[in-house]
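Below: one structure, written as structure tokens.
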Amino acid sequence: MAAASLAAAGLPVAVVNPSRVRCFAQAMGKNAKTDAIDAAVIAHFADAVRPEARALPDEETRIFADLVARRRQIIAMMVAERQRDKR
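Residues in the sequence shown are numbered from 1 upward in steps of one, following full-length UniProt numbering.
Next up, the structure:
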């Protein structure tokens, strides 16, 4: 992950929801998507919004979050299978 590499290098990192940047681009009238346009929009977004840089979760927290997400997936699959069995 690029954010983790940048944080490991001691650089400040802000992770932003991509849809937020996309809405910003559309508000600017930038509907085309190319690497050059995306880079310019991201730079303009960062300059205008100044998202807060924060520390990324440590390795143990990321592993725990992955396990919790997988548990949710398995529970959803089990519920779906129970519903299928009832038919």
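Heads up, the beta-carbon is just placed ideally off N, CA and C, and yes, glycines get one too.
| Check | Outcome |
| --- | --- |
| Write down every uninterrupted run of the alpha helix (DSSP H) in the UniProt domain "Transposase IS110-like N-terminal" (3-84) whose length is 4 residues or greater and which is fully enclosed by it, in chain order. | 18-27, 35-49 |
| Report yes if the CB atom of Leu-56 is closer than 8 angstroms to the CB atom of Val-13, and no otherwise. | yes |
| Label Ala-25 either buried or exposed according to how many other C-beta atoms from any shown protein chain fall within 10 Å of its C-beta, with 16 as the threshold for buried. | buried |
| On the CB-based measure, 16 or more other CB atoms within 10 Å of its CB, does Phe-64 come out buried or exposed? | exposed |
| With a CB to CB cut of under 7 angstroms and the five nearest residues on each side skipped, what residues in its chain are close to Phe-45? | Val-21, Phe-24 |
| Just how far apart, CA to CA, sit Ala-36 and Val-79? | 45 angstroms |
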